[in-house]
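Residue numbers (my numbering): 1152 to 1244.
Written out below as structure tokens is the structure these notes cover.
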Amino acid sequence: MNALHFQERWEFYQFIAGYRHLYSIERMCRVLKVSRSSYCWWFSHRPSKRAVEYSLFTDLIKKEFDASYATYGSTHITEQLKRKHYKILRRRV
């Protein structure tokens, strides 16, 4: 997998965690240009409240978008989620 496909720092860390049984953590950190201490800190801590919410809302947004046959925009998806009693702003969608 090419490192250029990663958008966020945590995606590098997930990649390292997924392949640590095949390659050394030290080598992957060097190749991906992330510090080993940052990876170890990420690996030893649980996800933040924001990260958990982000993951939940991302899944919900994708489900609403797919249910609309890819026709709903952010405004309509926000309305649908609010009808289901989720507190979400359109900017997040």
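Idealized CB from N, CA, C, for every residue including glycine.
Model, not experiment: these values are computed from the prediction.
Legend entry - Backbone CA spacing between I1176 and K1214 [nearest angstrom]: 35 Å
Inset, instruction - State the Cα-Cα distance for the pair S1188 and Y1174, rounded to the nearest angstrom. - result: 17 Å
Legend entry - C-beta atoms of I1106 and F1216 nearer than 8 Å: The requested residue 1106 does not occur in the structure, where the chain is confined to residues 1152 to 1244.
Inset, instruction - Measure the Cβ-Cβ separation of L1183 and L1211 and say whether it is below 8 Å. - result: Taking 8 Å as the Cβ cut-off, L1183 and L1211 do not qualify as a contacting pair.
Inset, instruction - Keeping to the same chain, check which residues put their C-beta closer than 6 Å to that of F1163; ignore five residues upstream and five downstream. - result: F1157, L1183, V1185
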